[in-house]
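Engineer:
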Amino acid sequence: MADHIESANTNTAVGFCPAGTSHDIITIAEDITLTEPLPPITGAITIKGGGHTISGDGKYRIFDVQGGNLTIRNLTLDNGKATEGSGGFTYMINNERVLMDAGGALRLDGGAQVQTEDTTFSDNSADAGGAIALLSGQLSLNKSSFVGNISSEFDGGAIFMRQGAVAIIKSSFVDNVASWSGGALGAQSGSISVANSTFQDNVGPVGGSALFISGGEATLTHVTMLNNRTSSSGHAVANAGGVINLRNSLIAGPGGVEDCVGGLNQNSGNWSEDGTCAFVAGANLLLGAPTGSPAYLPLLDGSPALNAADPDFCLPTDQIGTPRPYGGGCDIGAIESTTAIPAPAVIPDHCTLADQLVAANTDRPFGACPAGNGADVIFMVRDFTLEERLPTITSDITILGNGFTISGDGKFRIFDVDGGALRIHDLTLTKGFSPNNGGAILVKNRGKAHIENSKFVRNLADYGAAIAGIYSNRGVTINRSEFFHNWAQWTGGAIHQLGGDIVITNSSFVRNVAGRGGAIDTSTAGKVDITNSTFIYNSGRPGGAVYAAGAITTLTHVTMLNNSQGIWMYDEGSTLNLRNSLIVSDRHSADCWGRLTQNSGNLIEDGSCAAGISGDPMLDDWAGSSSYVSLKEGSPAIDAADPRFCPATDQIGRPRPQGAGCDIGAIESPYGSADRPEAPATDVVRATDEGRATDEGRANCSVTTTHVLNFRDGPSLAGARIGLVREGATLDAIEWTAGWISADYVVAEGVCG
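Take the sequence shown: its letter number 410 is residue 439 in our numbering, and every next letter is one higher.
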């Protein structure tokens with residue numbers, strides 16, 4: 030075999046092999062076990078296997094194609110191994126370059142081209158790409174089987190793709206294992222096309238046990254994926270930064286986590302049991318036992334896949350060559366059945382919530398629901414308890430709740446917003462459940478959610494029992510809403526933020542529980558702004574009310590009462606701005622823990638976090654049914670807020686200020702103060718790398734306003750008002766403080782140095 034390859038590469042006679050030609054054919058006459066590595070293939074070679082096997086004996090990679098062109102037909106490549114130093118690629122792990130030996134049976138590099146037909150890859154192993162590593166070039170697989178291949182250190186139990194293009198048709202991937210992601214296929218970039226193929230029982234612990242991509246584009250058409258397994262997320266498909274188009278495919282996993290995560294750029298004609306890979310969540314897909322080679326899964330009588338594919342993506346034949354369509358339409362998945370009997374058609378008598386979501390997502394009629402049209406509005410007319418998972422939201426949908434309730438029945442997440450935009454108004458979401466993120470709502474993959482005048486009650490998840498925002502770049506906004514008795518096993522009893530922005534105004538968080546961040550956990554990059562909101566009896570250590578770590582977190586006019594701990598700030602790399610807020614904890618721990626980036630106008634009972642005012646804030650007794658707590662007459666919080674950060678109203682819509690100045694906390698007292706307060710204490714601002722502020726701060730002069738000054742987050746009236754200074758206020762002007770100010774006119778009494 031080695032001499033054959035050398036003669037083909039060089040077009041000269043080698044050993045007993047005649048000189049090669051421009052395209053050589055090697056015919057295998059018997060099984061071969063390698064005793065040394067074969068030379069790299071740089072020429073054009075076709076290998077006719079004749080049903081025989083080449084074994085790497087667990088010691089050697091079988092073929093290494095370096096810029097050459099290799100065609101393999103009717104051959105088994107077995108027990109190949111990419112041993113240490115046999116070549117692959119480097120990868121950064123913990124800031125160190127690590128060499129990954131890649132492609133146990135076959136490696137492509139240097140623009141190589143490889144085509145396989147009727148070929149089996151079995152029990153091969155490598156650090157990455159247990160069977161095949163495509164480092165650059167083009168790979169075409171037709172009627173090929175991948176069984177029991179292993180990547181021991183990285184992605185791609187069967188195939189790892191660094192760059193290039195791969196086209197897979199009429200093939201199967203069974204029992205392949207990756208140590209990380211992509212039990213069958215793992216790709217960092219390039220183009221992947223898979224059609225009429227089956228993926229079963231592949232394993233990728235970190236995610237995407239059938240397919241994992243972190244870049245590039247993958248298009249899967251008429252694919253069947255069954256019982257692929259991960260311990261993280263994405264039993265079947267995980268998108269970590271690429272483009273995935275999924276059409277006319279069947280997906281069913283073992284449960285526990287979602288079958289598809291990371292978003293689908295195209296989602297048409299699919300059917301998945303848990304609803305994450307399709308607009309419709311299905312029950313039993315009714316698939317038969319695996320048969321054939323390459324293996325496939327036939328459809329049984331009554332399967333929902335029968336005649337249900339999107340005709341726009343119907344392929345001419347199926348995995349075993351059966352013409353499509355057979356019957357009333359093409360079947361979903363890799364196999365077109367010629368024997369299975371479809372279930373009797375059921376004509377829906379009303380438009381269900383699930384069907385409304387599908388119609389809105391697709392702008393097509395579905396069930397008894399008319400076609401959606403762009404941004405759609407759904408009106409609730411009764412309470413609703415889920416009996417199955419609702420379809421994922423991928424378009425622009427508004428739900429007007431009219432005071433009604435949707436219950437997940439302790440079994441299902443209620444809304445999954447995957448790249449779409451969800452608006453809910455006047456709706457209660459209760460008993461939502463997820464074994465991972467977002468018991469009531471999960472927002473991900475540039476998804477967006479706006480919550481108005483709604484309630485979240487007794488939802489349950491590991492992270493973010495009510496709402497989880499996972500890299501939701503377009504953000505989550507919440508206004509005039511209440512979160513009661515939600516419980517997260519790990520972080521974010523009500524809300525878990527992991528990337529993206531969250532804005533919360535005029536809302537309440539009462540008796541939510543988590544291991545960390547009893548009400549809210551802000552874990553990574555992004556911004557979290559909370560204004561005019563109340564936190565009462567939330568429990569979590571650290572951070573009974575709020576755990577701040579990583580995100581830029583700003584709390585303005587917030588009241589925290591009797592939480593197991595008020596605020597806990599993870600100091601390294603965190604930014605926490607606390608303004609005009611009132612904190613009273615349960616006396617068993619500090620009200621505030623950490624070093625605040627901005628600390629202005631706050632009243633913290635125990636004086637922690639260097640509050641400007643400490644001691645008893647004189648709050649009214651909290652009524653258990655109330656979502657806020659008021660100040661008593663004579664409270665030191667009255668008129669004591671920093672006027673720079675005073676919004677126009679309080680949590681319940683009462684105008685600010687009621688007296689000589691705004692009150693600290695979420696609620697503006699109607700009592701006010703007869704006397705003008707002293708100028709607020711100078712801001713204490715953390716030093717920055719640019720040196721624009723000092724730990725102590727510095728006041729240059731004292732000024733008195735003769736008209737209201739509005740502070741805005743942008744120039745002119747285009748900026749939103751983020752605070753004001755009332756007429757007649759006397760305050761310090763602080764060196765290095767800057768911002769946009771708008772007023773009819775301003776007269777400053779005093780001289781600024």
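The beta-carbon is built from N, C-alpha and C at its ideal position, and this holds for glycine as well.
Which same chain residues, not among the five before or five after residue 104, have their C-beta less than 7 Å away from its C-beta?
Structural biologist: Start at 1 with the first residue of the sequence shown, and residue 104 comes out as number 75. Closer than 7 Å at the Cβ level, and outside the excluded window around residue 104, lie 57, 76, 78, 81, 83, 148.
Engineer: Where DSSP assigns a beta bridge to residue 621, which residues make up the other side?
Structural biologist: Here the question's residue 621 lines up with position 592 in the sequence shown. Residue 621 pairs with 596.
Engineer: Buried or exposed for residue 683, going by 16 or more other Cβ atoms inside 10 Å?
Structural biologist: The count along the sequence shown starts at 1 and reaches residue 683 at position 654. It is exposed - the Cβ of residue 683 has fewer than 16 other Cβ atoms within 10 Å.
Engineer: Between the Cα of residue 511 and those of 544, 546, 200, 561, spot the shortest distance and give me the residue it belongs to.
Structural biologist: To locate residue 511, count along the sequence shown from 1; it is residue 482. Closest by alpha carbon: 561.
Engineer: Out of 448, 507, 314, which has the shortest C-alpha to C-alpha gap to residue 499?
Structural biologist: Residue mapping note: residue 499 aligns to position 470 of the sequence shown, counting from 1. It is 448 whose Cα lies nearest to the Cα of residue 499.
Engineer: If you count every other CB in all the chains shown that lies within 10 Å of the CB of residue 1, and 16 or more means buried, which is it?
Structural biologist: Only positions 30 to 782 of the chain appear in the structure, and residue 1 is not among them; the question remains open.
Engineer: Using only alpha-carbon positions, find the residue among 287, 242, 589 that is nearest to residue 271.
Structural biologist: Working through the sequence shown from its first residue, we reach residue 271 at position 242. Ranking 287, 242, 589 by Cα distance to residue 271 puts 242 first.
Engineer: Flag this pair as yes or no: are the beta carbons of residue 535 and residue 567 separated by less than 8 Å?
Structural biologist: Walking along the sequence shown from the start, residue 535 turns up at place 506. Walking along the sequence shown from the start, residue 567 turns up at place 538. The answer is no: Cβ separation not under 8 Å.
Engineer: With a CB to CB cut of under 8 Å and the five nearest residues on each side skipped, what residues in its chain are close to residue 102?
Structural biologist: Taking the first residue of the sequence shown as 1, we reach residue 102 at position 73. Cβ within range, chain order: 75, 76, 77, 78, 145, 146, 147, 148.
Engineer: In whole angstroms, what separates the C-alpha of residue 217 from that of residue 174?
Structural biologist: Position 188 of the sequence shown holds residue 217. Position 145 of the sequence shown holds residue 174. Cα-Cα distance, rounded: 23 Å.
Engineer: How many angstroms separate the CA atom of residue 350 from the CA atom of residue 325?
Structural biologist: In the sequence shown, residue 350 corresponds to position 321, counting from 1. In the sequence shown, residue 325 corresponds to position 296, counting from 1. For residue 350 and residue 325, the gap between their C-alpha atoms comes out near 12 Å.
Engineer: Taking the beta strand (DSSP E) that residue 627 falls in, what are its first and last residues?
Structural biologist: Start at 1 with the first residue of the sequence shown, and residue 627 comes out as number 598. Per DSSP, residue 627 belongs to the beta strand (DSSP E) from 627-629.
Engineer: Helix, strand or coil for residue 503, going by three-state DSSP, please let me know.
Structural biologist: Numbered from its first residue, the sequence shown carries residue 503 at position 474. If DSSP states are grouped into helix, strand and coil, residue 503 belongs with the strands.
Engineer: Quick one: residues in its chain with C-beta nearer than 6 Å to the C-beta of residue 200, no 5 flanking neighbours on either side, listed in chain order?
Structural biologist: Indexing the sequence shown from 1 puts residue 200 at position 171. Excluding positions up to five away in sequence, the list reads 170, 173, 226, 323.
Engineer: What are the start and end residues of each continuous beta strand (DSSP E) run of 3 or more residues lying completely inside the stretch 354-425, in chain order?
Structural biologist: 405-408
Engineer: So, with DSSP's three-state summary, where would you put residue 39?
Structural biologist: For this step, residue 39 is matched to residue 10 along the sequence shown. Here residue 39 sits in helix by DSSP.
Engineer: Using alpha carbons as the reference points, say which of 537, 528, 43 lies closest to residue 578.
Structural biologist: Sequence index remark: in the sequence shown, residue 578 carries index 549 (1-based). Cα-wise, what sits closest to residue 578 is 528.
Engineer: Pull up the DSSP beta-bridge partners for residue 276, would you.
Structural biologist: Position 247 of the sequence shown, counted from the start, is the residue given in the question as residue 276. Note: residue 276 sits in a beta bridge opposite 250, 297.
Engineer: Can you tell me which of 661, 258, 181, 506 puts its alpha carbon nearest to the alpha carbon of residue 112?
Structural biologist: Within the sequence shown, residue 112 is the residue found at index 83, counting from 1. If we check each option's Cα against that of residue 112, 181 comes out closest.
Engineer: When you compare the CB of residue 482 with every CB in chain C, is at least one pair closer than 8 Å?
Structural biologist: No chain C is part of this structure, which consists of one protein chain only.
Engineer: Just to confirm before moving on: does the CB-CB distance between residue 420 and residue 252 stay below 8 Å?
Structural biologist: One-based indexing of the sequence shown puts residue 420 at position 391. One-based indexing of the sequence shown puts residue 252 at position 223. Cβ atoms of residue 420 and residue 252: not closer than 8 Å.
Engineer: Quick check: the Cα distance between residue 313 and residue 505, rounded to an integer number of angstroms?
Structural biologist: The residue you call residue 313 lines up with position 284 of the sequence shown. The residue you call residue 505 lines up with position 476 of the sequence shown. Spanning the two alpha carbons is a distance of roughly 34 Å.
Engineer: Residue 657: which of 538, 664, 678 sits nearest, CA to CA?
Structural biologist: Here residue 657 refers to the residue found at position 628 when the sequence shown is read from its first residue. Among 538, 664, 678, the Cα nearest to that of residue 657 belongs to 538.
Engineer: Looking only at DSSP bridge pairs, what is residue 481 linked to?
Structural biologist: What you label residue 481 is simply residue 452 of the sequence shown in a count that begins at 1. Partner(s): 454, 508.
Engineer: Closest by CA to residue 289, which one among 328, 238, 332, 63?
Structural biologist: The residue you call residue 289 lines up with position 260 of the sequence shown. The candidate whose alpha carbon is nearest that of residue 289 is 238.
Engineer: Can you give the Cα-Cα distance for residue 294 and residue 424, rounded to whole angstroms?
Structural biologist: Residue 294 sits at position 265 when you count from the first residue of the sequence shown. Residue 424 sits at position 395 when you count from the first residue of the sequence shown. Going by the C-alpha atoms only, they are around 12 Å apart.
Engineer: Between residue 618 and the rest of its own chain, which residues show a CB-CB distance below 6 Å, the 5 nearest in sequence each way excluded?
Structural biologist: Translated into the one-based positions of the sequence shown, residue 618 becomes position 589. For residue 618, where only same-chain residues beyond five positions count, the Cβ hits under 6 Å are 594.
Engineer: On the premise that residue 679 lies in contact with residue 697, defined as a C-beta separation below 8 Å, what is that separation, rounded to the nearest angstrom?
Structural biologist: As a position in the sequence shown, residue 697 is number 668, starting the count at 1. As a position in the sequence shown, residue 679 is number 650, starting the count at 1. So it is a contact: roughly 4 Å between Cβ atoms.
Engineer: What's the gap between the Cα of residue 47 and the Cα of residue 31?
Structural biologist: Within the sequence shown, the letter at position 18 stands for residue 47. Within the sequence shown, the letter at position 2 stands for residue 31. Their backbone Cα atoms lie some 13 Å apart in a straight line.
Engineer: On the three-state DSSP scale, how would you describe residue 341?
Structural biologist: Position 312 of the sequence shown, counting from 1, holds the residue named residue 341. Helix.
Engineer: Would you mind listing the beta strand (DSSP E) stretches within the stretch 189-243 that are 3+ residues and don't spill past its ends, in chain order?
Structural biologist: 194-198, 201-203, 214-216, 220-229, 240-242
Engineer: Could you check where the beta strand (DSSP E) with residue 651 kicks off and where it finishes?
Structural biologist: Here residue 651 refers to the residue found at position 622 of the sequence shown. Neither: residue 651 is in no beta strand (DSSP E) and is coded neither H nor E.
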